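Contents: one structure, followed by commentary.
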Amino acid sequence: MTQAYPNLLKPLDLGFTALKNRVLMGSMHTGLEDRFWNIHKLARYFAERAEGGVGLMVTGGFSPNMVGQLSPFASTMNNRGTAILHRHVTSEVHDAGGKICLQLLHAGRYSYHPFSVSASATKAPITPFKAKALSTKAVDKQIDDFVSAAKLAKLARYDGVEVMGSEGYFINQFLCERTNKRKDKWGGPFENRMQLPVEIVRRMREAVGPDFIIIYRLSMLDLVEGGQTWDQVVKLGKAIEQAGATIINTGIGWHEARVPTIVTSVPRGGFSEVTAKFYGEVSIPVCTTNRINTPEKGEEILASGKADMVSMARPLLADSEFVRKAQENRSDEINTCIACNQACLDHVFQLKRASCLVNPRACHETELVLTVAPVRRRVAVVGAGPAGLAAATTAAKRGHLVTLFEADGQIGGQFNYAKRIPGKEEFFETLRYYQRQIELLDIDLQLNTRVDADLLKKDGFDDVIIATGVKPRTPGIPGIDHPKVLGYLDVLKHNKPVGKSVAVIGAGGIGFDVSEFLTHDFSHHPEGQQADFEDWKAEWGVQPDFEGPGGLAERKPTSSPRKIYLMQRKTSKVGGGLGKTSGWVHRNSLKHRDVEMLGGCSYDRIDDQGLHITLSDKDGKALETRVLDVDNVVICAGQEPFRTLYDELASEGIKTHLIGGADVAEELDAKRAIRQGTEVAAGV
Ligand code: FAD
Ligand code: NAP
Ligand code: SF4
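Heads up, the sequence shown is in this note's numbering, so the first residue is 20 and it goes up one at a time.
Rendered as structure tokens:
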């Protein structure tokens with residue numbers, strides 16, 4: 020068999036040790052690190068990825084001391100007991116043939132507790148706590164703590180450490196004028212400001228000896244005002260090499276940056292251009308990162324000489340066998356990360372355990388176990404949306420004989436409309452994955468088949484899983500039958516023409532997505548294609564050559580083919596219910612296209628004049644009435660369960676399993692649909 024990804028899968032010789040390929044599983048906080056009693060879960064999580072063939076893994080961030088903790092009692096590596104406990108992780112990983120480094124992350128002013136410290140007394144916009152400035156001596160103490168933590172990582176038998184120098188954390192806070200106003204030897208000119216990371220790496224290398232990996236995560240593009248210039252980044256990178264680092268990894272953007280760096284609308288692999296610019300400045304291996312989610316993209320980046328390694332974090336959460344599938348030319352079987360952040364980063368920011376929207380087993384490896392079914396049963400799954408697809412493929416993997424019925428001519432349910440939204444092209448990959456699994460698992464897929472109770476009764480299945488999804492809600496607004504009213508399915512499924520001015524009723528995820536769709540210029544950027552990175556940089560205000568402070572530029576205005584009003588009845592922030600780590604991107608993107616967002620609306624009537632609304636304040640007091648003179652009103656007012664089939668079967672006493680939107684439509688998303696489908700099928 021020919022090797023499909025020769026550059027990606029080539030070993031990397033680090034002198035004292037070798038990595039079996041160029042894939043680094045980047046650091047991700049999962050929440051399992053924070054509590055010692057989860058150590059076996061953490062060990063299995065990493066071991067599954069080591070078994071999947073990844074070259075090197077990096078753990079979530081561990082603070083070298085208490086003040087640097089991300090939140091109270093969060094993961095810390097500061098004593099021998101913890102180090103010995105971590106041998107559970109390292110031994111399981113080594114037994115599986117893998118290698119793993121511990122990430123050392125001092126949060127500085129990003130710490131979510133009142134004892135945070137930083138270069139200067141400043142407060143980050145993303146935490147409520149103002150950090151205290153460290154004394155000159157106390158800075159030295161932080162360095163000592165980094166060094167001690169690295170020694171403990173060695174005691175724990177990690178293969179090395181990654182020093183987190185980017186994303187706006189402690190080290191980054193010393194590097195930039197924005198946060199470092201010090202007058203002592205750790206402040207002032209850049210040569211002083213960069214001494215903190217250089218000293219950390221230098222003293223660490225002295226302490227751990229030559230045969231221990233030290234990865235340094237270098238902030239190559241801060242994406243904040245007062246960030247480093249390109250010359251400074253290069254100067255620091257060279258000094259870090261001299262200080263004894265083994266690998267330089269790329270860091271892009273501070274957490275407080277207002278430029279998206281990893282959400283799904285960021286073009287695949289775009290930021291590898293930054294690493295490419297740095298590549299060649301040092302002679303140690305350089306790793307690139309951000310939005311690389313397929314072996315093809317990784318191979319293309321390495322083949323074109325932009326880096327020596329690629330870091331993929333979330334893609335390894337989505338599919339622990341990513342590398343093995345690539346090695347075996349089975350990349351079409353990879354469950355691709357769609358960069359939604361819904362179950363990983365959003366969970367972490369809500370202090371919940373991370374998982375993955377497309378792979379609910381992620382971080383639950385010891386709990387959501389898929390056993391071979393003791394008896395092979397005939398299972399019918401009705402509806403091939405995310406819930407039904409997850410249920411059908413899980414049941415078939417366990418050995419059941421599965422028939423999957425779908426009324427439509429294609430699988431995917433509502434995901435077929437999600438994938439049409441500009442910036443959400445990745446959602447196509449989930450459907451590609453399931454389509455391939457259906458073939459591999461020999462699932463009897465019956466498209467264009469609307470199932471009724473008689474059909475199910477006739478075929479005598481052992482188990483019936485109902486995943487018939489949702490139907491859009493039609494609000495009782497006077498004039499709702501007016502010809503200018505459309506549903507979101509009219510727009511996204513039936514391609515009905517839409518005029519130049521539009522009122523969108525409902526500002527949930529779908530209202531935002533429909534507005535994105537209607538404000539998009541498809542003549543410039545056709546449907547199904549991700550944005551060109553140069554256009555994307557111009558839209559978000561990133562300098563084409565990344566040279567100036569923080570790499571920021573003036574944002575280029577983006578014109579919209581339509582005037583859009585996006586409305587909700589609540590008086591809270593419009594779009595406030597969107598994802599924690601992605602909602603701001605959606606809001607910002609629409610504001611940039613002059614979408615007018617209105618909260619506190621009541622919809623009085625729709626007629627030839629347009630949409631009549633009353634705007635009220637949070638106490639319900641009417642402030643003004645308006646007539647929005649629009650060509651169309653598009654309804655995105657949520658959904659209701661569609662379960663006539665379930666009710667029919669229940670009335671005849673036939674027991675079924677009910678999952679996805681057909682079960683509960685309120686706050687339904689694909690994360691819940693897929694998880695519920697998987698869990699139900701794990702038990703049939
Ligand atoms: P559905 O997807 O509705 O699937 C139900 C399926 O059952 C349909 O294919 C239907 O044809 C079929 N069916 C119904 N009755 C029968 C019958 N009698 N016989 C046979 N087949 C039948 N969620 C997220 O988590 N993140 C997002 O970013 C996101 N973006 C979205 C963007 C848009 C534009 C839309 C419309 C939705 C988005 N969603 C998103 C929501 C997500 O798609 C839904 O939560 C998910 O599809 C629900 O899955 P489901 O399987 O329960 O139902
Ligand atoms: P949703 O998030 O529940 O939003 C429904 C919107 O309709 C709300 O703005 C609601 O706000 C309004 N509404 C509800 N009842 C109404 C009524 N009777 N009359 C007028 N307005 C009404 O649902 P959705 O937008 O349909 O999305 C469905 C699911 O898909 C969501 O759970 C979402 O998580 C998921 N999704 C996620 C994303 C994502 O990017 N993560 C994208 C798309 C969809 P008011 O009550 O204030 O008016
Ligand atoms: Fe990727 Fe979404 Fe899974 Fe996170 S939850 S790993 S972003 S698919």
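Glycine is no exception: its CB is placed at the ideal position from the N, C-alpha and C atoms. The model shown is predicted, which means the values in this text are computed figures rather than measured ones.
Partner residues in the beta bridge of S520, as assigned by DSSP, are K582. Excluding the 5 residues flanking it on each side, T269 has same chain C-beta neighbours closer than 6 Å at M239, T294, T307 and T308, in chain order. With fewer than 16 other beta carbons inside 10 angstroms of its own, D351 counts as exposed.
Not a single heavy atom of the ligand SF4 lies less than 8 Å from the C-beta of C620. Using a cutoff of 8 Å, the CB of C359 counts as near the ligand SF4, since one of the ligand's heavy atoms is closer than that.
Bridge pairing for G404: absent [DSSP]. Each residue's CA atom was taken as its position, placing P379 and E698 some 9 Å apart. Cβ-Cβ separation between T49 and A373: approximately 4 Å, consistent with a contact (criterion under 8 Å). A heavy atom of the ligand NAP is found nearer than 8 Å to the CB of I496. Look at S601: its beta carbon is less than 8 Å from one of the heavy atoms in the ligand NAP.
In terms of side-chain proximity, the C-beta atom of I678 is found nearer than 8 Å to a non-hydrogen atom of the ligand FAD. The closest CA to that of E671, considering only L630, N191 and A472, is found on A472.
L466 is classed as exposed because its beta carbon has fewer than 16 other beta carbons within 10 Å across all chains shown.
A362 has its Cβ nearer than 8 Å to a heavy atom of the ligand SF4. The Cβ atoms of V227 and I233 sit closer than 9 Å to each other. The beta carbons of R694 and A681 sit about 15 Å from each other, so the pair does not count as a contact at 8 Å. Going by beta carbons, F434 and P405 fall inside the 9 Å limit. The DSSP assignment places complete beta strand (DSSP E) segments of no fewer than 3 residues inside the segment 128-209 at 179-184, in order along the chain. Every unbroken stretch of the alpha helix (DSSP H) spanning 4 or more residues and falling wholly within the segment 481-558 is given here in chain order: 507-511 and 528-537. It is roughly 18 Å from the alpha-carbon of L459 to the alpha-carbon of R396. A distance criterion of 8 Å places the beta-carbon of H543 beyond contact range of the ligand NAP, judged by its closest non-hydrogen atom. Here the alpha carbon of E70 sits roughly 49 Å from the alpha carbon of K515.
Secondary structure note for T269: its beta strand (DSSP E) is the uninterrupted segment I266 to I271. Just so you know, the alpha carbons of H59 and V158 end up roughly 35 Å apart. Sequence-distant Cβ neighbours of T283 in its own chain, meaning closer than 7 Å and more than five residues away, are I357, A358, C359, G442, K443 and E445. Closest in alpha carbon position to N607, among L474, G594, H107 and F565, is G594. According to the DSSP assignment, T663 belongs to the alpha helix (DSSP H) that extends over T663 to S670.
DSSP places Y452 in the helix class (H, G or I) of the three-state scheme. With respect to the 9 Å criterion, I266 and V220 are not classified as neighbours on the basis of their beta carbons.
At a threshold of 8 Å, I524 counts as near the ligand NAP, since its beta carbon sits closer than that to one of the ligand's heavy atoms.
Annotation for M328: the continuous beta strand (DSSP E) segment containing it runs M328 to S330. In this structure, C306 has its beta carbon at no less than 8 Å from each heavy atom of the ligand SF4. Under the 10 Å beta carbon count, L121 is surrounded by 16 or more other beta carbons and is classified as buried. The segment 624-639 makes no contact with the segment 554-573, as fewer than three CB pairs between them are under 8 Å. For E643, the uninterrupted beta strand (DSSP E) run begins and ends at A641 to L647, by DSSP. Along the length of the segment 55-106, whole beta strand (DSSP E) runs at least 3 residues long occupy 75-81, reported in chain order.
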